[in-house]
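Below you'll find the structure, written out as structure tokens, and then a few comments.
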Amino acid sequence: MLWAALHFSGLSLAVFAAETDDAGPLAIVRGNRLIAVNRAAVKAGVRPGMRGNEARVLSRQLVIRSQQPAREQALLERLAAWCYQFSSTVSIDAPMGLLLEIGRSQRLFGSIDQLLHRLEQGLQSMSVDYCLATARTAAGALLLANADVAGRYDETQQFDRAIQTLTLRALPLTAKHCRALHAAGLRTLGDLRNLPRAAVTERLGTAFDSWLCRVLGECGDVRETYHPPVCFSVRQLLPVAVGVVAGLLFVAQRLLQELAVFLRLRDKEALALQWRLFSEDAADQRFELSSRTASQDEDYWLMLLRQRFERLQLNDPVVEIELKCSQMQDCQAQTADLLPDAAIQHNTSVNGFIDKVRARLGAGAVNYLCSVSEHRPEYAWTNCEPEMVKAAESGAGESIRPLWLLSEPRPLRIVNGRPRHEGSLEFVGERERIETGWWDDKPIARDYFTVIETGSGMKLWVYRDCHGDRAWFLHGIFGCVIHQGQDS
Amino acid sequence: MTLQTLLDQHACIWRGRRSVSAGQRTVSTGFDALDLVLSGGGWPEGAICELLSEHRGIDLLPLVMPALKQFAGRGKVCLVDPPCIPYAPAWQMAGIGLEHVIWMKTQDAGEQRWVLEQGLRDSACVAVLAWPAVLSSTMLRRLQLAAEEGMTTGFIFRDMNASRMSSPAAVRMALDMRVDGIYMRLLKRRGGWPVDICLQPFSDPARA
């Protein structure tokens, strides 16, 4: 077992990284004392432990923020979720530590060095100050990381030498015990270990002894492991309020990268993403992006988001973005054929096209048609999803129907007792009576005729009401009358 | 090299009234008279066909129906903002698989142009039908390029007064109702002069 411990000394500063300028001095205050300062503040002479007023005197541009424990915890959990790709045993050591068991991941990454290299690369891109230490015991690694002693201490002798020199401040001792030991002339852990164990336990308590056991590996160390949440939900503050949609893309891309890591860890694909854009007065704009084929690919979701952004109007400048994904399905492994199947490739490209249009114009922009078994013409068709379109049963023997249907039947005027559209109408074919629908509130009783309009030569579908005022209406258009395969 | 071999080898040499298959991929229109006069023997793939009529193309749908049957077998057919509802039972009876027909509804002209261009450019769609209210020749040029890229056939239905404007479409035809039959005036076609062809002669005054 090999443990890697991460101590995020800059966690409280990182919480505000999005809001403040990196170059400017920043200090975090709890109560009235500073607990953390960034590099720019250190340069100006500000140190933790100072009071706020003192610090301000040293640096005029100093930005002081109160500590936000809840957000620090949330950030720590996000880091834990990110570290989950390096180890299946991740443990959170509140308030600023993470523990990973990396011995078992060695084979996946090739070697421990490569694993740590990738881990450090990723952490550096997140701009959080950290200290990484490895050791054979969990408590030992944590001890070194908390004491700001970075490095690899896999060998027992190496580890022993390292911890011998740790000062009393790095140990879990109360202030009273610290003072007592200091007064007795003990300065380091090495000094403590030179004393008889029983005496140390008596003075400092069994808690200290069991801790030391765990550090030295003499007894087991059971820790609660972290499990990534079932749903993905992440919020990101923006450095400045953004009023233009294009400015949101960069942050959105970062969130999608986190989503991609999350999906890979859980071996799932996302079906729909819910985005929320928060403005300063906590009002939010929300929209959803869905895909007909689930996807893990962050570039694909980014492409859909770009399409949606083209049509999005921001009501207010945006200060925070939230991304949620709760609809996921298990990853379906694609088995690649040696000879690519054209039908499958075509299907994926059609789905991609439909997704793109839906993302940009809304879900209602893309519709499929299907016919419904129904005598009333206006209800004999409907919009549906492609899965519901049944294979065409060509209605042989059924009466003819027009290629176009008007959404509302258009009344025809009567001239000399005959109906008339733009030209006079000539009746062809037979009358068709449709009288049905008495069981719901939309009964119809109509006589349908096929007519040809003189002048334009168009074939139209008109009807006359059987009851009431027996008015004439235009309901459908066939088009011009041309027969196929006609020789000139 | 004789003149004949030169003419046979280079199909893109323009030949006046007789059009010749230029090695272009086409889809048969379903009407022999039209197939004869169109270069390649049918609607060109990867190009725009403009169809003009008094009623902004509503009455010209039966003209493209036989071709749509073939298109639907190969890919998707997109209808962008059709003037009326495409009546599903009738389309099914005409032999067109409804699972291949996509009806796009847009809110404004900008969205319509975007969908048209995307549909033409995407290889998933093999035919796009549109009834745009206003279309500039620049936009038509863009659509022509998009159709070439995606090897999609675009059918643009327009009003008769569009015939006065020049257009980069590969094929332009207008419906002409005459006393003796329904004619199509081919205003523009590849490899040939404009020509009129009769689609449906009227055998008797009843015009049944």
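For the protein sequence lines, the chains are E and X, in the order given. So the first sequence is numbered by the numbering used here: it starts at 1111 and just counts up by one. So the second sequence is numbered by the numbering used here: it starts at 5 and just counts up by one. In this text, a Cβ means the ideal position worked out from N, Cα and C, and glycines have one as well.
Assigned exposure category for residue i - 16 Cβ within 10 Å defines buried
i         : result
X/MET69   : buried
E/PHE1342 : buried
E/HIS1531 : buried
X/LEU144  : buried
E/ARG1523 : exposed
X/ALA71   : buried
E/LEU1302 : buried
E/LEU1348 : buried
E/GLN1171 : exposed
E/PHE1118 : buried
E/ASN1256 : buried
E/GLU1518 : exposed
E/ALA1309 : exposed
E/CYS1590 : buried
E/THR1458 : exposed
E/ASP1597 : Note that E/ASP1597 scores 39 on pLDDT, short of 50, meaning its location in the model is unreliable and no value can be drawn from it.
E/GLU1211 : buried
E/ALA1506 : Because the pLDDT at E/ALA1506 is just 44, under 50, the model does not fix this residue reliably, and the point stays unresolved.
E/ASP1203 : buried
E/HIS1227 : exposed
E/ALA1502 : Reliability of the predicted coordinates at E/ALA1502 is poor, the pLDDT of 45 falling under 50, and the value obtained from them is presented with this limitation in mind. Buried: at least 16 other Cβ atoms inside 10 Å.
Range of the contiguous beta strand (DSSP E) that encloses residue i
i         : result
E/PRO1158 : No beta strand (DSSP E) holds E/PRO1158; DSSP gives it neither H nor E.
E/PHE1388 : 1378-1389
X/ALA178  : 175-182
E/TRP1548 : No beta strand (DSSP E) contains E/TRP1548, which DSSP labels as neither H nor E.
E/ASN1493 : 1491-1494
E/GLU1430 : 1428-1440
E/SER1588 : It should be pointed out that residue 1588 of chain E corresponds to Phe in this sequence rather than to Ser. Start and end: 1582-1590.
E/HIS1117 : 1113-1117
Chain X contact residues for residue i, given Cβ-Cβ distances below 9 Å
i         : result
E/LEU1516 : CYS88 and ILE89
E/SER1649 : With chain E running from 1111 to 1598 in the structure shown, residue 1649 of chain E is simply not present.
Proximal chain X residues relative to residue i, where beta-carbon distance stays under 7 Å
i         : result
E/ALA1248 : Chain X residues near E/ALA1248: none, gap ~54 Å exceeds 7 Å.
E/PRO1496 : GLU103
Where the alpha helix (DSSP H) through residue i begins and ends
i         : result
E/LYS1286 : 1285-1293
E/PRO1306 : Run containing E/PRO1306: none; DSSP gives neither H nor E here.
X/PHE75   : 65-78
E/ASP1409 : 1408-1420
E/ASN1142 : First-last for E/ASN1142: undefined, no H or E at that position.
E/GLY1527 : That residue, E/GLY1527, is in no alpha helix (DSSP H); it is neither H nor E in DSSP.
X/PRO93   : 92-97
E/ALA1190 : 1179-1193
E/GLY1162 : 1162-1168
E/LEU1123 : 1121-1124
8 Å Cβ cut-off: residues of chain E touching residue i
i        : result
X/ILE106 : ILE1464, VAL1476, ASN1477 and TYR1478
X/ASP63  : SER1566, GLY1567, MET1568, ILE1587, GLY1589 and CYS1590
X/PRO66  : LEU1513, PHE1588, GLY1589, CYS1590, VAL1591 and ILE1592
X/VAL119 : VAL1467, LEU1471 and ALA1475
Residue i: CB within 6 Å of a non-hydrogen atom of the ligand NAD
i         : result
E/LEU1326 : You won't find the ligand NAD in this model; it holds no ligand whatsoever.
Chain X residues whose Cβ lies nearer than 8 Å to that of residue i
i         : result
E/HIS1593 : GLN204
E/VAL1428 : Within chain X, no residue comes near E/VAL1428; the closest Cβ sits about 24 Å away, beyond 8 Å.
E/VAL1139 : Chain X residues near E/VAL1139: none, gap ~52 Å exceeds 8 Å.
E/TRP1491 : ILE89, TYR91, ALA92 and PRO93
E/SER1481 : ALA92, PRO93, GLN96 and LEU102
Contacts of residue i in chain E (Cβ-Cβ under 9 Å)
i        : result
X/TRP186 : Looking at the sequence shown, residue 186 of chain X is not Trp but Ile. Those are GLY1567, CYS1590, VAL1591 and ILE1592, listed as they occur along chain E.
X/GLU115 : ARG1421, ARG1470, LEU1471 and ALA1475
X/CYS129 : VAL1460 and PHE1463
X/GLU49  : Within chain E, no residue comes near X/GLU49; the closest Cβ sits about 16 Å away, beyond 9 Å.
X/GLU152 : Residues of chain E passing the Cβ test: none, with the nearest at roughly 18 Å.
X/GLN122 : PHE1463, LYS1466, VAL1467 and ARG1470
Proximal chain E residues relative to residue i, where beta-carbon distance stays under 7 Å
i        : result
X/LEU179 : CYS1590
X/ASP112 : Per Cβ cutoff of 7 Å: no residues; X/ASP112 is ~10 Å from chain E at best.
X/LYS109 : GLY1474, ALA1475 and ASN1477
X/GLU58  : SER1566
Near-chain E residues of the region 75-104 of chain X - C-beta to any C-beta below 8 Å: GLY79, LYS80, PRO86, PRO87, CYS88, ILE89, PRO90, TYR91, ALA92, PRO93, ALA94, TRP95, GLN96, MET97, ALA98, GLY99, ILE100, GLY101, LEU102 and GLU103
Every unbroken beta strand (DSSP E) inside the region 23-60 of chain X [3 residues or more]: 51-57
Minimum length 4: unbroken alpha helix (DSSP H) runs contained in the region 1312-1375 of chain E: 1316-1326
Uninterrupted beta strand (DSSP E) stretches inside the region 1214-1272 of chain E (no shorter than 3 residues): 1241-1245 and 1261-1263
Chain E contacts from the region 156-168 of chain X (Cβ-Cβ distance under 8 Å): none
Any beta strand (DSSP E) of 3 or more consecutive residues that is wholly inside the region 1550-1575 of chain E: 1554-1563 and 1568-1575
Alpha helix (DSSP H) runs contained entirely in the region 110-177 of chain X, provided each spans 4 or more residues: 113-125 and 141-154
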